Amino acid sequence: MWGSGLITLLVMGPAGSGKTSFSHSFGKWLEGENYSVCYVNLDPGAELLPFIPSFDVREIVTTRAMMERGGLGPNGALIKAAEIIEENIGQILRKIKSFKADYVIVDTPGQMEIFLFRKLGSIFCDGIEGRKACVFIMDPSSLPKKSDVIALKLLNLVIELRLGVPSLELINKIDLFGNRERAAFLEPLKYRQPEEGLRGELASSILETVSKLEKKKRAVLISAITGEGFRVVLSSLGELFCSCGDLT
Numbered sequence: 001m002w003g004s005g006l007i008t009l010l011v012m013g014p015a016g017s018g019k020t021s022f023s024h025s026f027g028k029w030l031e032g033e034n035y036s037v038c039y040v041n042l043d044p045g046a047e048l049l050p051f052i053p054s055f056d057v058r059e060i061v062t063t064r065a066m067m068e069r070g071g072l073g074p075n076g077a078l079i080k081a082a083e084i085i086e087e088n089i090g091q092i093l094r095k096i097k098s099f100k101a102d103y104v105i106v107d108t109p110g111q112m113e114i115f116l117f118r119k120l121g122s123i124f125c126d127g128i129e130g131r132k133a134c135v136f137i138m139d140p141s142s143l144p145k146k147s148d149v150i151a152l153k154l155l156n157l158v159i160e161l162r163l164g165v166p167s168l169e170l171i172n173k174i175d176l177f178g179n180r181e182r183a184a185f186l187e188p189l190k191y192r193q194p195e196e197g198l199r200g201e202l203a204s205s206i207l208e209t210v211s212k213l214e215k216k217k218r219a220v221l222i223s224a225i226t227g228e229g230f231r232v233v234l235s236s237l238g239e240l241f242c243s244c245g246d247l248t
């Protein structure tokens, strides 16, 4: 491992992209490479987890409890749970700071806007000491059009803007695709046809800005099921820290 000390890895992405599966399988892979790993669950709506968390936010609040006690719907319960987590953020951060591990893998809420667009994400990231990064997981099925690719790349940039952490794009579920499709995923803007109308105009206008801000970063193809691409993820994280000037 480059440098020394704890690395906090935030796992983010749209619902259904495979965040929890990746958190579990990448953590197990790291352990197989002789790294020590702690797991953190920050999703109050999680029902079942494939890993045993060193800290579980459900010890503080669950979405189900907010629905049952407060008579709230799913969205209202999730927002209320996020508010309670924010109120207890000091306790959560102290727990994480006590971990003695090479990596802390943080499985963020399934509805990523709760973490990204509310105070929770920014105050959590500001309070985390040492090196920290985000892996932004994408599902190939969400990338059929050029505008879809650009929208997700913009969302990845928003993560860096809102949370102040470098981010690495991961395209998950790659075990379901052959070599031709994989090549298209690595250069998604090259292999997709331009779109017409307002959507196409916006995509073309935004593309130049996205390309400039991404600084030639490339997505990594992975499978949370087979572990394919995990070694590339590890080396790419090293490059990410180096490009940010963090060599500690």
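Here full-length UniProt numbering is used: the first residue of the sequence shown is 1, the next is one more, and so on. Think of the CB as a built atom: it goes at the ideal place given N, C-alpha and C, for glycine as much as any other residue. Note that this is a predicted model, so its numbers are computed, not measured.
{"Item": "Thinking C-beta only, is Ile79 closer than 9 Å to Arg131?", "Value": "no"}
{"Item": "Counting beta carbon pairs with one atom in the segment 11 to 27 and one in the segment 37 to 53, are three or more of them shorter than 8 Å?", "Value": "yes"}
{"Item": "On the criterion of 16 or more Cβ atoms from any shown chain inside 10 Å, does Arg94 qualify as buried, or is it exposed?", "Value": "exposed"}
{"Item": "Helix, strand or coil for Phe22? Go by DSSP, reduced to three states.", "Value": "helix"}
{"Item": "Nearest by alpha-carbon distance to Met41: which of Ile89, Glu59, Asp107, Phe99 is it?", "Value": "It is worth fixing the name first, because residue 41 is Asn in this sequence and not Met. For the residues Ile89, Glu59, Asp107, Phe99, the minimum Cα distance to Asn41 belongs to Asp107."}
{"Item": "DSSP on Asp148, reduced to helix/strand/coil?", "Value": "helix"}
{"Item": "Counting only the same chain and skipping the five closest in sequence on each side, list residues whose C-beta sits under 8 Å from that of Leu10.", "Value": "Val106, Thr108, Cys125, Lys132, Ala133, Cys134, Val135, Leu163, Val165"}
{"Item": "Going along the chain, which residues of its own chain have a beta-carbon closer than 8 Å to the beta-carbon of Leu154, five neighbours each way excluded?", "Value": "Ile206, Val210"}
{"Item": "Please report the distance separating the alpha-carbon of Lys100 from that of Gly197.", "Value": "54 Å"}
{"Item": "Per the DSSP calculation, Leu103 is bridged to which residue(s)?", "Value": "At residue 103 the sequence reads Tyr, which differs from the Leu that was named. Note: Tyr103 sits in a beta bridge opposite Ile7, Val37."}
{"Item": "Does DSSP classify Glu47 as helix, strand or coil?", "Value": "coil"}
{"Item": "Mind the definition here: the segment 172 to 181 touches the segment 139 to 148 only if three or more C-beta pairs lie below 8 Å; say whether that holds.", "Value": "yes"}
{"Item": "Enumerated in chain order, which unbroken segments of the alpha helix (DSSP H) with a length of 4 residues or greater are wholly contained in the segment 52 to 97?", "Value": "63 to 70, 74 to 87, 89 to 97"}
{"Item": "Since Lys132 is in the beta strand (DSSP E), which residue starts that stretch and which ends it?", "Value": "131 to 138"}
{"Item": "DSSP beta-bridge partners for Leu155?", "Value": "Beta-bridge pairing links Leu155 to no other residue."}
{"Item": "With respect to the alpha helix (DSSP H) encompassing Ile123, which residues constitute its N-terminal and C-terminal limits?", "Value": "119 to 127"}
{"Item": "State buried or exposed for Gly13, treating a residue as buried only when at least 16 other CB atoms are found within 10 Å of its CB.", "Value": "buried"}
{"Item": "Any idea what DSSP makes of Glu169, helix, strand or coil?", "Value": "strand"}
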